[in-house]
Amino acid sequence: MTKVVFASLLVMSSYFGFSQNTTDASVEKSVFGIQVGLIGIWAHNELKLSNQVVLRSEIGLAGVNTANIEPLLALEPRWYYNINKRANKGKRIDGNSGNYISFRTSYRFFDSSEADKNEQNYLFFTPTWGIRRNIGNHFNYEAGIGVGLGFFNNNEKKVGYTSYLNLKIGYRF
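Residue numbers -19 to -1, 1 to 154, in mature numbering (1 follows the signal peptide of the UniProt record, and there is no 0), belong to the letters of the sequence shown in order.
Structure (structure tokens):
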């Protein structure tokens, strides 16, 4: 009987010993910053919803080239899926540094420069995968990619596939 008790205590002590090495890491409560991309500038805020999920809101000016710069509003729930793994390895997680999966919803306001001045609005729904890493205490970079649906509102309403590429350098306040 003493051998069974001793073996049980040995197994349980090793279990509790390993469980102390794991940390329950969390995203930050609120992250505010500005970012600059290839063509555009954005201000953003990430609000904590749970230990790994944030709601990112974004406003900015962006376009595919310098002739088509448009105001943009975006709302994006992000799941930072490797926060615990990064914390356990001793890597930085401050400023929500990690890999994420998100569902980006963005709305672009556009007034064409053509003679008939047709107003065009774009609504995009794009699942994305991306990374965010810190450079020093306040600077960071992001890279992301996704494919989704776009709804175009001009003279005739259209729905089509759209791609999303995110390459930004930013400053976190």
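The C-beta atom is built at its ideal place from N, Cα and C for all residues, glycine as well.
{"Item": "Coarse secondary structure for Arg73, derived from DSSP in three states", "Value": "coil"}
{"Item": "Straight-line Cα distance separating Lys138 from Asn49", "Value": "20 Å"}
{"Item": "DSSP three-state assignment for Asn147, whether helix, strand or coil", "Value": "strand"}
{"Item": "Alpha-carbon to alpha-carbon, Gly129 and Lys98", "Value": "Reliability of the predicted coordinates at Lys98 is poor, the pLDDT of 48 falling under 50, and no value is obtained from them."}
{"Item": "Short Cβ contact (8 Å threshold) for Gly125 with Gly14", "Value": "no"}
{"Item": "Chain-order list of residues whose beta-carbon lies under 8 Å from that of Phe120 (same chain, five-residue window excluded)", "Value": "Ile150, Gly151, Tyr152, Arg153"}
{"Item": "Buried or exposed by the 16-neighbour rule on C-beta atoms within 10 Å, applied to Arg59", "Value": "buried"}
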